[in-house]
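Working notes, structure below.
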Amino acid sequence: MTPSWFDHAPVLVSETVEILSAVPRGIVVDATLGGAGHATALLDAAPHLRVVGVDQDPEARRAAQERLTPYGDRAVVLAGRFDRLNDLLDRAGIADISGFLFDLGVSSPQLDIPERGFSFRHDGPLDMRMDPDAALTADTIVNQWSEPKLSSIIRSGGDERFAGRIAKAIVAARPIRGTVQLAEVVVAAIPAATRRTGGHPAKRTFQALRIAVNDELTILEPALRAALGRLIPNGRGVVLTYHSGEDRIVKGVFRELTTSTTPVHLPVPEEAAPFRLLRPASRTASSDEQERNPRSRSARLRAIERVAA
Ligand SMILES: C[S@@+](CC[C@H](N)C(=O)[O-])C[C@H]1O[C@@H](n2cnc3c(N)ncnc32)[C@H](O)[C@@H]1O
Numbered sequence: 004m005t006p007s008w009f010d011h012a013p014v015l016v017s018e019t020v021e022i023l024s025a026v027p028r029g030i031v032v033d034a035t036l037g038g039a040g041h042a043t044a045l046l047d048a049a050p051h052l053r054v055v056g057v058d059q060d061p062e063a064r065r066a067a068q069e070r071l072t073p074y075g076d077r078a079v080v081l082a083g084r085f086d087r088l089n090d091l092l093d094r095a096g097i098a099d100i101s102g103f104l105f106d107l108g109v110s111s112p113q114l115d116i117p118e119r120g121f122s123f124r125h126d127g128p129l130d131m132r133m134d135p136d137a138a139l140t141a142d143t144i145v146n147q148w149s150e151p152k153l154s155s156i157i158r159s160g161g162d163e164r165f166a167g168r169i170a171k172a173i174v175a176a177r178p179i180r181g182t183v184q185l186a187e188v189v190v191a192a193i194p195a196a197t198r199r200t201g202g203h204p205a206k207r208t209f210q211a212l213r214i215a216v217n218d219e220l221t222i223l224e225p226a227l228r229a230a231l232g233r234l235i236p237n238g239r240g241v242v243l244t245y246h247s248g249e250d251r252i253v254k255g256v257f258r259e260l261t262t263s264t265t266p267v268h269l270p271v272p273e274e275a276a277p278f279r280l281l282r283p284a285s286r287t288a289s290s291d292e293q294e295r296n297p298r299s300r301s302a303r304l305r306a307i308e309r310v311a312a
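If you read the sequence shown in this note's numbering, its first letter stands for residue 4, the second for the next number, and so on.
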């Protein structure tokens, strides 16, 4: 059971477990351990696997540790950001892995605790750090970054078409002291006629700020390549994304590694690609799951396998 203070419903869990439980005996790295929902489901389904879980959030690690204790030495929890994956695994003496999972973004408890500063509904400080020891906070971005820089991150991390107007309104309203004040400024900057579509009007801007605070788009590709580089033959990787920017990165890396590099016009034997896509190329949550768990509505699952040498 999830500890009651850490309530996160894992997304596309049976699909993820089905893909990862078919890998050879060994270690599966869960690079975004959270409350260990996926990790425990996998450990239950696949007795031949161990899980090494990474999370940069101490609260998530505490919840995960509690849930993973019954699994003894089949589960290990490591502290750190996943762009340090190579370093973290080297220090743990792990060279090769049988599988990996990235379930990107934040967990429900992180969003729900006002003091963490992710919520546009409950007032809290402008924080949004997943790692409370990190230097950059949302306060710095909101109150100090230039208007063009603000506009650019709101557009790229939020797919927000009114990014320019929102950035201008934020700069004019400075200093902004809390999440509710920020949400009010954002809502007022969006034309009234479009405020009623696509959920809360501040949702996209808050997502974009969170992505910038935690440097999420910059670190994804190198971390993904580090995990792929350690996969053994027939080993598999699963990535769950929640918005178009991160999905584009995953799709691009997977496409590159699953495409043969032999030019089609050359009369030489084809050099096989080192990985293959597990089809369908992208999966979404069933309508049942989307009904039960709103977080799953934007989820997209992609999976890849290293081909046998
Ligand atoms: C969507 S939740 C994962 C939930 C998990 N799969 C479960 O079943 O409970 C994402 C988790 O990854 C962590 N996280 C996000 N980005 C990270 C990163 N770059 N490095 C390490 N942990 C990260 C967050 O702190 C959060 O706990």
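Ideal placement from N, C-alpha and C gives every residue a C-beta, glycine not left out.
For residue i, I'd like the list of residues in its chain whose CB is within less than 7 Å of its CB, leaving aside the five on either flank, ordered along the chain.
i           : result
residue 166 : 154, 157, 158
residue 163 : 157, 169, 207, 208, 211
residue 256 : 224, 227, 228
residue 262 : 276
Please work out which residues of its chain come closer than 6 Å, Cβ to Cβ, to residue i, disregarding the five sequence neighbours upstream and downstream, and give them in chain order.
i           : result
residue 238 : 26, 101, 102, 309
residue 9   : 38, 66, 112
residue 222 : 86
residue 115 : none
In the DSSP assignment, the alpha helix (DSSP H) including residue i goes from what residue to what residue?
i           : result
residue 89  : 88–94
residue 123 : Residue 123 -> no alpha helix (DSSP H), and no H or E assigned at all.
residue 20  : 16–23
residue 99  : Unbroken run through residue 99: none, as it is neither H nor E.
residue 183 : 182–192
Just reading off the beta strand (DSSP E) that residue i is part of, what are its end residues?
i           : result
residue 238 : 234–244
residue 167 : Residue 167 -> not in any beta strand (DSSP E); alpha helix (DSSP H) instead, spanning 166–176.
residue 278 : 278–280
residue 29  : 29–33
residue 275 : Unbroken run through residue 275: none, as it is neither H nor E.
If we ignore side chains and look at the alpha-carbon of each, how far apart do residue i and residue j end up?
i           : j           : result
residue 234 : residue 280 : 14 Å
residue 5   : residue 250 : Summary for residue 5: the model assigns pLDDT 48, below 50, so the residue's position carries little reliability; its value from the coordinates is reported in the next sentence. Spanning the two alpha carbons is a distance of roughly 28 Å.
residue 181 : residue 13  : 29 Å
residue 288 : residue 49  : 22 Å
residue 225 : residue 312 : 24 Å
residue 302 : residue 150 : 31 Å
residue 42  : residue 31  : 9 Å
residue 193 : residue 297 : 24 Å
residue 137 : residue 129 : 14 Å
residue 61  : residue 133 : 9 Å
residue 131 : residue 274 : 45 Å
residue 17  : residue 195 : 41 Å
residue 125 : residue 56  : 30 Å
residue 110 : residue 11  : 6 Å
residue 28  : residue 15  : 23 Å
residue 243 : residue 183 : 29 Å
Does the distance between the C-beta of residue i and the nearest non-hydrogen atom of ligand 1 fall short of 7 Å?
i           : result
residue 108 : yes
residue 246 : no
residue 84  : yes
residue 131 : no
residue 307 : no
residue 39  : yes
residue 217 : yes
residue 36  : yes
residue 135 : no
residue 79  : no
residue 250 : no
residue 59  : yes
Less than 8 Å between the C-beta atoms of residue i and residue j, yes or no?
i           : j           : result
residue 177 : residue 146 : yes
residue 84  : residue 68  : no
residue 81  : residue 91  : yes
residue 290 : residue 305 : no
residue 198 : residue 190 : yes
residue 175 : residue 205 : no
residue 282 : residue 293 : no
Using C-beta distances below 8 Å, list every residue in its chain close to residue i, excluding the 5 sequence neighbours before and after it, in chain order.
i           : result
residue 220 : 159, 160, 214, 248, 249, 252
residue 77  : 46, 52, 53, 54
residue 98  : 92, 233
If we cut at 8 Å on Cβ distances, does residue i have a partner in chain B?
i          : result
residue 21 : Absent from the structure is chain B; it holds one protein chain and no more.
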